[in-house]
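Residue numbers (this note's numbering): 96 to 197.
Ideal Cβ placement from N, Cα and C applies to all residues, glycine included.
Here's the structure we're looking at; comments come further down.
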Amino acid sequence: MVTILRSNLVKRGVSAHSMSPKERILTGKTCHQNIHFKSGIEIPIAKKIIKKIKEEKIKVQAQILGDQLRVTGKSRNALQAVMQLIRESDLGQSFQFENFRD
């Protein structure tokens, strides 16, 4: 069931990292499975990202805003370095980058 759902998500452009399947419930001839879809960045993951940014000593400021993480900096290159750092790190979640301005 999960493989079919993942293939349909890929067709629609949704990352498979955004879902977390729970265990299957078998009752007779039917099978039920709850799947939770992640929305936003969880606080522990946001703290890990901020820690990685500080370890790399990139000159940007990062702050947690609810289920989002805002990173601000003067240099476009510094922001792109942070984006690359987040893409390379394996945190078990997909990320989107919005409002990238000069």
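Nearest to residue i by alpha carbon, out of the options?
i           : options            : result
residue 164 : 154, 179, 190, 175 : 190
residue 151 : 111, 174, 103      : 174
residue 141 : 192, 119, 102, 186 : 186
Bridge partners for residue i per DSSP, in chain order?
i           : result
residue 39  : Examination of residue 39 is not possible in this model, given that the chain is present from 96 through 197 alone.
residue 122 : 125
residue 157 : 166
Would you say residue i and residue j are within 8 Å of each other, going by their C-beta atoms?
i           : j           : result
residue 201 : residue 131 : Here the chain has residues from 96 to 197 only, and residue 201 is not among them.
residue 155 : residue 145 : no
Using 10 angstroms around the beta-carbon of residue i, count the other beta-carbons present and answer buried if the total reaches 16, otherwise exposed.
i           : result
residue 157 : buried
residue 97  : exposed
Please look up how many angstroms separate the CB atoms of residue i and residue j, rounded, as I've assumed it's under 8 Å.
i           : j           : result
residue 153 : residue 177 : 6 Å
Counting only C-beta atoms, is residue i closer than 8 Å to chain D at any point?
i           : result
residue 118 : Among the chains in the structure shown there is no chain D, since it carries only a single protein chain.
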